[in-house]
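Please read the structure below before turning to the comments.
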Amino acid sequence: MVITSDLNEARRLEEQLLEEVARRGYGKAEIFAIRLALEEVLVNAIKHGNKYDQNKSIQVDHEIDENRVVFTITDEGEGFHPADVPDPTADENLEKPCGRGLMLMQAFMDEVVYNNRGNQVRLIKRKSS
Numbered sequence: 001m002v003i004t005s006d007l008n009e010a011r012r013l014e015e016q017l018l019e020e021v022a023r024r025g026y027g028k029a030e031i032f033a034i035r036l037a038l039e040e041v042l043v044n045a046i047k048h049g050n051k052y053d054q055n056k057s058i059q060v061d062h063e064i065d066e067n068r069v070v071f072t073i074t075d076e077g078e079g080f081h082p083a084d085v086p087d088p089t090a091d092e093n094l095e096k097p098c099g100r101g102l103m104l105m106q107a108f109m110d111e112v113v114y115n116n117r118g119n120q121v122r123l124i125k126r127k128s129s
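Residue numbering for the sequence shown follows the numbering used here, starting at 1 and increasing by one per position.
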């Protein structure tokens, strides 16, 4: 699926994908985790990757089955290096609005993998037994 760099379009896609996740029998806690990570990655792609440029698009690939959910999100931005993002839990960064979303994605998903360029992220969540 391809969307433009529009937050409303991203929210609609997010809801469609989460409906499919729910149909596959994932629990409320898993859906909450997936929602949080998916929202964060889409907002980051629009805001930081494509810089709200509606002429740029975001590719959203997904695999949803009874065992796991995989989302691969690619923007048209220059990319970034996750290791360069300041630690949001460090005292000097507590009041800065950066890095929290990445930290939450890492906490709520089983795997968060970036490509070398830094303009693509793969989120993986395995279904709890």
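The C-beta atom is built at its ideal place from N, Cα and C for all residues, glycine as well.
So, residue i versus residue j, is the Cβ gap smaller than 8 Å?
i    : j   : result
K127 : N67 : yes
V69  : V21 : yes
Leaving out five residues on either side along the sequence, give the residues of the same chain with a beta carbon under 7 Å from the beta carbon of residue i.
i   : result
N44 : G101
L17 : L38 and H62
E92 : none
Taking just the CA atoms, how far does residue j sit from residue i?
i    : j    : result
E14  : F80  : 23 Å
E19  : K96  : 34 Å
F108 : I34  : 7 Å
G25  : S129 : 11 Å
M105 : I73  : 13 Å
K125 : L36  : 12 Å
P82  : R23  : 33 Å
D6   : H48  : 13 Å
S57  : V121 : 15 Å
L123 : F71  : 5 Å
Y52  : E78  : 13 Å
C98  : D65  : 33 Å
Q59  : V2   : 5 Å
V85  : G118 : 12 Å
Assign residue i to one of two classes, buried (16 or more other C-beta atoms within 10 Å of its C-beta) or exposed (fewer than that).
i   : result
D75 : buried
A90 : exposed
E40 : buried
With residue i as the anchor, note down where its alpha helix (DSSP H) starts and where it stops.
i    : result
F32  : K28 to N44
F108 : R100 to F108
E19  : L7 to R23
Between which two residues does the beta strand (DSSP E) holding residue i run?
i    : result
E111 : E111 to Y114
Less than 6 Å between C-beta atoms, sequence neighbours within five positions excluded: which residues of the same chain meet that for residue i?
i   : result
N50 : S5, K56, D75, E76 and G77
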